[in-house]
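The structure appears right after this line, and notes come after that.
There are 4 protein chains.
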Amino acid sequence: MGPRGRKKGSVGVESKECLLSIAAEEFAEKGYYKTTISTIVKRAGFSQPTFYLYFTSKEHIYSELVQSFQEKLKQLTSASRLEPALDTNSLPERITTSLSSIFQFFTDYPHLTKIGFYESEEATNIKQAMADQIHENLISEQQNNYFSSHLNMELIAQVLVGAIERLTITKLFSNEATSAGLAKEIVDFFLYGMVPRETK
Amino acid sequence: MGPRGRKKGSVGVESKECLLSIAAEEFAEKGYYKTTISTIVKRAGFSQPTFYLYFTSKEHIYSELVQSFQEKLKQLTSASRLEPALDTNSLPERITTSLSSIFQFFTDYPHLTKIGFYESEEATNIKQAMADQIHENLISEQQNNYFSSHLNMELIAQVLVGAIERLTITKLFSNEATSAGLAKEIVDFFLYGMVPRETK
Amino acid sequence: MGPRGRKKGSVGVESKECLLSIAAEEFAEKGYYKTTISTIVKRAGFSQPTFYLYFTSKEHIYSELVQSFQEKLKQLTSASRLEPALDTNSLPERITTSLSSIFQFFTDYPHLTKIGFYESEEATNIKQAMADQIHENLISEQQNNYFSSHLNMELIAQVLVGAIERLTITKLFSNEATSAGLAKEIVDFFLYGMVPRETK
Amino acid sequence: MGPRGRKKGSVGVESKECLLSIAAEEFAEKGYYKTTISTIVKRAGFSQPTFYLYFTSKEHIYSELVQSFQEKLKQLTSASRLEPALDTNSLPERITTSLSSIFQFFTDYPHLTKIGFYESEEATNIKQAMADQIHENLISEQQNNYFSSHLNMELIAQVLVGAIERLTITKLFSNEATSAGLAKEIVDFFLYGMVPRETK
DNA sequence: GATGAATGAGGGTTCATTCAT
DNA sequence: CATGAATGAACCCTCATTCAT
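Residue numbers (UniProt numbering), protein chains in the order written: chain A, 1 to 200; chain B, 1 to 200; chain C, 1 to 200; chain D, 1 to 200.
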């Protein structure tokens, strides 16, 4: 052990993380096929074989990034489901908060998001999983009579995922909106729709 | 040659269309990079150089397919905007019809849709154009007081595009819903949202 | 036979000459390998198979051009050797005239010259043949005591060919000199060299 | 390793030089277009991709050879111009020596010469540069009254280059003459021409 | 006399990946 | 921990040439 107390093997870990981070950038910008190992290692200041010290293949590092995205996302959604039954009034805020935290997550990890949520072949499954999760939540809230029973919650869940997908690209990644603001607008729209309510 | 004789030069046109159709299938299924010219021509019963009789490059045939999608889509949207001012009641139906015809178009050309609306680098622009178009329509309807003036129509347009994107994949391409049914459900949701209206 | 008295087959001859002329231009400008049959026929307004009506191959049309150059050149040199023994004084003029007519020929057929005298694989042989011819002439003039017997006529013949080669490109094809002027200068130099003669 | 150990990285350099040398041979013998990378690497005992470790393209290796020729040639001519003003008598010898060293250079690097001085598209420029250089030297000698002032030195320079070009092929590469012998004969001819001087 | 349609043969180039050190 | 050197496997593309009409 060195005098500075660096744990043995930390160099390797650092190298690996360096590669991962650069790879994320490259994959996010250029996509899987236009990204070359050669470019990644060059940017990291390594030689090609070094890459294979840490990853068994190009596919492997890519899927490691996808998984990383997936796990972080799972942590997020599982965290946001802790509080079970609260009073009715707070539901919209709770939904807004959840949504906002998803947007924030996407903002914090734009490269991972680009890869996992948009580019990768897994993206479809990941979105489906997100839709399923939302669907489940909605159903349970529907059963608690927060929402009317005739609503097709599966469809709404998909619409919500579609909204997230589209608005992340157009508003969030372009810095035209904040996570919180966007979440609020969406929830408002989802709750009340476009036709104005008659006010007595 | 008689009137029923084969039109002159039609062979070439047929060959080109054959290649286009097979290419659409391959690109839709495997994506741009996993699709090879060699496979396309093999499936079409041609040799490789024949491909270059009709297309200057792999990129060229791909962008031809993307353009074809774009043009068809443009025709659709320009057609659906003919009828200008109608009475209020029919607005929802008209929107539903428009939406339904988009879904029907996607159903009719699943390969082109996969390519132009999902895979291609142009997909982002195409969706943005669709959102812009919808936005425009919504604004005009908003100005005619069909919708309340406080709604953020840009956001709603993006949400609608996101809904289309997601539901086309999950419901339409899996044959779990029809164009018309899906359109109706979406419009219903968009108009009234999730919170039930108080009924006297 | 048509009313305009056009000989049967003249269309074919015209087509062939058209192709030859365009091919000469292309080969001269771009060289053998960068010239494509496709470009030649396109410029001539024909389709590719038409080419093979008149020439059996790309090599064939090229060597036809080379031969054409070679034959014209042979005509020239054989013509210029008719007059045998004349009085001594006129020899320099005769040589100058011969040289001038070669330059004139090169000026009149720049494309053929570029091909036959510079580009083609035959060029080496053609130049050697020219050198041999000149050598022969010089020898005969040497034997007639026009020139001193210790001169290495073979070397001089080669130098003359080299001079022709170089000056055709740098002076003639760039229009910086005329055939006659150039010929005169060369002959003058060849006869008297660089060291000034002592004059009493 | 030890002092006699193989220098680090020398393998790559050797491989590159091996490829360069074989390529020079191939290009010189067959010309640019009939030479294939596949043949070069096969002869060198490598696989095709190895070629691209050292050269970015076929064009690149070719122009590297041309440049190599050009640089060596430049070294030669710049070296031969050191001694400025000497007595008149030695001028012919000095010219002879210069010429001889050019011939010797061509003899030493026949492949490079074939490529750079005859085949390549740069050949024309290289010869022109050589002519310019010679022209310059001649002018300066003319101003020093070594040569009579009425001589067209530009033309003479071109003739000299033409002579070099032609005699290198016909006499040098065929081993019919030595560098020194050839140089001497040429200089002799250039100085005194063909017409014998009157001797009292 | 001419052409629409098609192909055989081959060439250059790229990239992920490995071996020996 | 790291790399210099090398390659297997493909892929896109071009061009002279031909066949049937």
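C-beta: ideal position from N, C-alpha, C; glycine also. Quick caveat, the model's predicted, so the values are computed rather than measured.
Query                                                                                                                          : Result
ARG166/D versus LEU191/C: straight-line alpha-carbon distance, rounded                                                         : 20 Å
Chain-ordered neighbours of PHE190/B on chain A, where CB pairs are closer than 8 Å                                            : GLY193, MET194
Whole-angstrom distance between PHE189/D and ALA177/D, CA atom to CA atom                                                      : 16 Å
Chain-order list of residues whose beta-carbon lies under 7 Å from that of ALA157/B (same chain, five-residue window excluded) : ALA131, ILE134, HIS135, LEU138
GLY162/D vs GLY116/C beta-carbon contact at 7 Å                                                                                : no
Beta-carbon neighbours of GLY162/D, restricted to chain C and to distances below 8 Å                                           : VAL159, VAL161, GLY162, ALA163, ILE164, GLU165, ARG166, LEU167
Cβ-based burial, GLU120/C [other Cβ within 10 Å; buried from 16]                                                               : In the sequence under discussion, the amino acid at residue 120/C is Ser, which differs from the Glu named in the question. SER120/C comes out buried.
GLY45/D versus VAL11/D: straight-line alpha-carbon distance, rounded                                                           : 14 Å
Range of the contiguous alpha helix (DSSP H) that encloses ARG166/B                                                            : 153 to 167
Cutoff 8 Å; reference ASN175/A; Cβ partners in own chain excluding five residues on either side                                : none
Proximal chain B residues relative to ILE156/A, where beta-carbon distance stays under 9 Å                                     : PHE189, MET194
Contact check, ALA24/B vs LEU53/B, beta carbons under 7 Å                                                                      : no
Length-filtered (4 minimum) alpha helix (DSSP H) runs lying within the stretch 1 to 52 of chain B                              : 10 to 34, 37 to 44
Rounded C-alpha distance that separates ALA180/A from SER98/A                                                                  : 10 Å
Burial state of ILE71/A (16 or more Cβ within 10 Å)                                                                            : The question names Ile, yet the displayed sequence has Glu at residue 71/A. Exposed, since its Cβ has fewer than 16 Cβ neighbours within 10 Å.
Reduced DSSP category for ARG94/D - H, G, I as helix; E, B as strand; rest coil                                                : helix
Beta-carbon gap between PHE69/D and LEU112/D smaller than 7 Å                                                                  : yes
Backbone secondary structure at GLU121/B - three-state DSSP                                                                    : coil
Contact with chain B by ASN152/A, beta-carbon distance below 7 Å                                                               : yes
Option in LEU155/A, ALA123/A, PHE173/A with minimal Cα separation from VAL187/B                                                : LEU155/A
Rounded distance between the beta-carbons of SER90/B and ALA183/B, thought under 8 Å                                           : About 15 Å separates the two Cβ atoms, so there is no contact after all.
Inter-residue spacing [alpha-carbon to alpha-carbon] between GLU93/D and TYR146/D                                              : 13 Å
HIS111/B: first and last residue of the uninterrupted alpha helix (DSSP H) it sits in                                          : 110 to 113
Residues from the stretch 116 to 146 of chain C in contact with chain D, defined by Cβ distance under 8 Å                      : THR124, LYS127, GLN128, ALA131
Contact with chain B by residue 202/A, beta-carbon distance below 7 Å                                                          : Absent from the structure is residue 202/A, since the part of chain A shown begins at 1 and ends at 200.
Under 7 Å from the C-beta of TYR33/A: neighbouring residues of chain B                                                         : TYR33
Below-7 Å beta-carbon distance, THR56/A vs any chain B residue                                                                 : no
Residue 201/C, DSSP secondary structure in three states                                                                        : Absent from the structure is residue 201/C, since the part of chain C shown begins at 1 and ends at 200.
Buried or exposed by the 16-neighbour rule on C-beta atoms within 10 Å, applied to VAL13/C                                     : exposed
Residue of THR77/C, THR96/C, ARG197/C, GLU17/C minimising C-alpha distance to SER148/D                                         : ARG197/C
Where LYS127/A falls, given that 16 or more other Cβ within 10 Å makes a residue buried                                        : buried
Neighbouring residues, chain B, relative to GLU14/A (Cβ below 7 Å)                                                             : None at all; the shortest Cβ gap to chain B is about 32 Å.
Cutoff 7 Å: THR170/C Cβ touching any chain D Cβ                                                                                : yes
Three-state secondary structure (DSSP) of SER148/B                                                                             : coil
Inter-residue spacing [alpha-carbon to alpha-carbon] between ALA28/C and LYS114/C                                              : 5 Å
Secondary structure of GLY193/B, DSSP reduced to three states                                                                  : coil
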